[in-house]
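Engineer: From first to last, the protein sequence lines stand for chains D and B.
Take 2 as the starting number for the first sequence in my numbering and just add one per residue.
Take 174 as the starting number for the second sequence in my numbering and just add one per residue.
Yeah, the Cβ is synthetic: ideal placement off N, Cα and C, and Gly gets one too.
Quantities reported herein were computed from a predicted structural model and do not represent experimental measurements.
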Amino acid sequence: MSTQTGLANPFLSVRGLEKHYVRGGLWGTRVPVAALKNIDFEIRDGETLGLVGESGSGKSTLARCVARVEKPDSGEILIDGKDITAKPRTRLSSRELVQMIFQDAVTSINPHFTAAQVVEEPLLIQGEGPQSRREKVRTAMNETGLPAEWMARSAMEFSGGQRQRLAIARALVIRPKLLVLDEALTGLDLSTQAQIANLLLDLQAAHALTYLLISHDVTLVVRMADKIAVMASGRIVESGPTSKILTAPQREETIRLLASARTAQENFAAITGGSE
Amino acid sequence: MQGTSEFLLEVRGLSVTYLPADGIRIHAVDDLDFACAAGEVVGILGESGCGKSTLANAILQLLPRHALCGRGQIFFRGNDLLRVAEPELRNIRGLGISLVPQDPALSLNPVIKVGLQIDEVLRAHLALRSKERQVRIRDLLCEVGFDQPNEISSAYPHQLSGGQRQRIVIAQAIACKPSLLIADEPTSKLDAPLQTEIIALLARIRRDHGIAIVIISHDPALFAGFADRMAVMYAGRIVEAGDTPRIFRQPLHPYTQALVQIAKSTFNVSASQSRRRFAAIGGELPNPAAFPAGCRFHPRCPERMEICEQRDPQVFLPLPLQPVRCFKYGD
């Protein structure tokens, strides 16, 4: 785990990011709605930044901008100090290729594909040959706990947790440095969620991965993130190391988010007789 | 057909099998016993795919055509629902038992105002005049926590938030004052603060009207302080049941122990926990088309013994009123 020495350059920095959507149109008046307002943050190599906030606060828009699924209106996204916002997708190095994992693996995976086809897709796009594709798919599936015998199985036959593993394998297959996890653990059973969270922690330790972890579940973010940024109405209203956010939250939004997580913990501790 | 049940709802030896077109039989619920007294809250805990929703749909007799309730009885107020004719069932649903579905976005009609959708329930079951129904709809909306019932009543589902839609389906469910609510993962689509609100609402409804609630979830935290009793389901069976506080303090089945441990480890908001792995159980639920021989949990069980691979454990009673299906407690 890297520390905040201040000497090392950040792996990812986002500066002055803005994004507007237009509401209305056709017959109504077109009103621009600000989804992101002047977003600044950094993530160091191998660190996890947890992004929390209520639904509609702009977390997903920010995630999509960082993963270059969405184009920001203004601002810079720098990887290793170089602005990648203008660089064409095909010229991005694997270090610059940010991979995204979504909440619903069911809708982010083509049901007609076999497991191997799902995982090899990013390699196909990069024009890799069949031999090396097969090797890399096997390695990625192995790393995410999916047996190689399942390569020919239809993605439809996988359970919710297995599909999320498949989505992680697909993201890892091109060896990215940064994964954007947009509610990647939401909607799973508590036991499956624990398994996938452990997998992500193990992969991070093994490959020094950097995570941008987005979730409305503060409990999970507190557990996995080195630093936390709190979003409200398109802005980052508070950010800092996890321990500091936990012990001395400044903003009302942060305090509210933490309170609901603490209530859940206390209710449960009261009935089970203490925490772990 | 009259039973001798002292419970409002009593399920005895129920088995539900799906017979899909490809011919592979899936035993979703197997020899299951379960009961709920009047005014009681009972939680059913289990991972997705363990048969929880099949049980809920079997109680309401809303299973798809290719599902077969092969054996068992479901007594509601002494009548076996498996032997009640459809017209009578239509009256029991809504008036006697009603369902709070998992995803209100799917169960509400997107092109009908929500007030009218509550009205539909009232018209189907009660002989009330239009004026009386309007008053009733307003009261119901207030009861589920809306300050401005008139505005909400004329809104379409898409104009409401997820939490508001969940309140609407709860209003539908209690519209005819049933004696039993079945809540199938009522909060799984909501974030933590909203979950707490919905559970508080259900607790108030139980207190004010004495409506019994069977709540189904994969999250044991929902039951803490809400469910009087709980049953833990694994691979189509109840593996442990008892008073909720007692199960949480002293879980007997290794599966229950693991679930409680996972919840404790997950709901731990302190800085010292940073980047520490979560407690977890390895493996996944077995395929219901091919359960393993012996105890169905044995492939994942940290305490499995030789006998667990050979024989199916019966129900043991190591503590009073806490039945458990595990060879640790007898053989």
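1) Starting from D:Thr49, trace the alpha helix (DSSP H) both ways and give me its first and last residue.
2) Determine whether the beta carbon atoms of B:Pro459 and B:Arg469 lie at a separation below 8 Å.
3) Can you list, in chain order, the stretches of the alpha helix (DSSP H) that have 4 or more residues and sit fully within the stretch 201–234 of chain D?
4) Assuming B:Met403 and B:Gly219 make a contact with CB atoms under 8 Å, what is their CB distance in whole Å?
5) Cβ closer than 7 Å: which chain D residues qualify as neighbours of B:Glu398?
6) Just tell me which of D:Ile110, D:Ala35, D:Ser261 has its CA closest to the CA of D:Gly289.
7) If you run the structure through DSSP and keep just helix, strand and coil, what is B:Leu458?
8) Smallest Cα separation from B:Pro322: which of B:Gln345, B:Arg338, B:Gly288, B:Ala463?
9) Would D:Ile40 and D:Leu13 be called neighbours here (beta carbons separated by less than 8 Å)?
10) Could you give the distance in angstroms between the alpha-carbon of D:Glu239 and the alpha-carbon of D:Leu37?
11) For D:Asn111, count neighbouring C-beta atoms within 10 Å of its own C-beta (all shown protein chains included) and say buried if the count is 16 or more, exposed if not.
12) I need the DSSP call for B:Ile341, collapsed to helix, strand or coil.
13) Can you list, in chain order, the residues of its chain whose CB lies under 8 Å from that of B:Val342, leaving out five sequence neighbours each side?
14) Comparing C-alpha positions only, which one of B:Lys362, B:Phe440, B:His391, B:Asp401 sits nearest to D:Leu221?
15) Quick check: what's the CA-CA separation for B:Asp195 versus B:Arg473?
16) Can you name, in chain order, every residue of its own chain whose Cβ lies under 7 Å from the Cβ of D:Gly146, other than the five neighbours on each side?
17) Run the CB neighbour count on D:Val231, radius 10 Å, all protein chains shown included, and call it buried at 16 or more, exposed below.
18) Taking buried to mean at least 16 other C-beta atoms within 10 Å of its own C-beta, is B:Val387 buried or exposed?
19) If we define contact as Cβ-Cβ less than 8 Å, is D:His217 a contact residue for chain B?
20) Which runs of the alpha helix (DSSP H) fall wholly inside the stretch 132–215 of chain D and span at least 4 residues, in chain order?
21) 8 Å is my cut-off, CB to CB: does D:Val223 come that close to chain B?
22) Buried or exposed for D:Pro123, going by 16 or more other Cβ atoms inside 10 Å?
23) Indicate the three-state DSSP secondary structure (helix, strand or coil) for B:Ser271 in the structure shown.
24) Taking contact to mean at least 3 C-beta pairs separated by less than 8 Å, is the stretch 414–423 of chain B in contact with the stretch 225–237 of chain B?
25) Thinking B:Leu425 and B:Gln495 are a contact (beta carbons under 8 Å), I'd like their distance in whole angstroms, please.
26) When DSSP labels each residue in this structure, what does D:Gly7 get in the three-state scheme?
27) Relative to the C-alpha of B:Asn252, which residue among B:Gly269, B:Cys242, B:Arg238 is closest?
28) With C-beta atoms as the reference, is B:Asp206 less than 8 Å away from B:Val184?
29) Along the stretch 42–72 of chain D, what residues have a CB closer than 7 Å to any CB found in chain B?
30) According to DSSP, is B:Glu179 helix, strand or coil?
31) Keeping to the same chain, check which residues put their C-beta closer than 7 Å to that of D:Ala209; ignore five residues upstream and five downstream.
32) To the nearest angstrom, how far is it from the Cα of D:Gln1 to the Cα of B:Arg306?
33) Looking at the unbroken alpha helix (DSSP H) that takes in D:Val238, where does it start and where does it end?
34) What is the DSSP secondary structure of D:Ser261, counted as helix, strand or coil?
35) Please give the ranges of any beta strand (DSSP E) in the stretch 200–258 of chain B, keeping only runs that are unbroken, at least 3 residues long and fully inside the region.
36) Do the CB positions of B:Leu187 and B:Ser352 come within less than 8 Å of each other?
Structural biologist: From the atom records:
1) Careful: D:Thr49 lies outside any alpha helix (DSSP H), inside the beta strand (DSSP E) at 49–53.
2) yes
3) With a minimum length of 4 residues, the continuous alpha helix (DSSP H) runs that stay inside the stretch 201–234 of chain D are 219–225.
4) Separation of the CB atoms of B:Met403 and B:Gly219 is rounded to 10 Å, and the pair is thereby denied contact status at 8 Å.
5) In the sequence as displayed, the identity of residue 398 of chain B is Gly instead of Glu. The contacting residues are Asn268, Ile272.
6) Nothing about residue 289 of chain D can be read from this structure; chain D reaches only from 2 to 277.
7) coil
8) B:Gly288
9) no
10) Roughly 15 Å between the two C-alpha positions.
11) Exposed, since its Cβ has fewer than 16 Cβ neighbours within 10 Å.
12) helix
13) Val273, Pro274, Pro277, Ser280, Leu281
14) It is B:Phe440 whose Cα lies nearest to the Cα of D:Leu221.
15) If you take the alpha carbons of B:Asp195 and B:Arg473, they lie about 29 Å apart.
16) The residues are Arg166, Leu200.
17) buried
18) buried
19) yes
20) 161–173, 191–208
21) Yes, D:Val223 counts as interfacial toward chain B.
22) buried
23) strand
24) no
25) 6 Å
26) Bear in mind that the predicted position of D:Gly7 carries a pLDDT of just 47, short of 50, making it unreliable; the figure below should be weighed with that in mind. Correct three-state label for D:Gly7: coil.
27) B:Gly269
28) Taking C-beta atoms as the reference points, B:Asp206 and B:Val184 count as a pair closer than 8 Å.
29) Ser56
30) Secondary structure at B:Glu179: coil, using DSSP grouped into helix, strand and coil.
31) Hits under 7 Å: Asp46, Gly47.
32) Given that chain D is displayed from residue 2 to residue 277, the structure contains no residue 1 of chain D and the question cannot be resolved.
33) Counting along the chain, D:Val238 falls outside any alpha helix (DSSP H), though it belongs to the beta strand (DSSP E) covering 236–242.
34) helix
35) 214–218, 240–249
36) no
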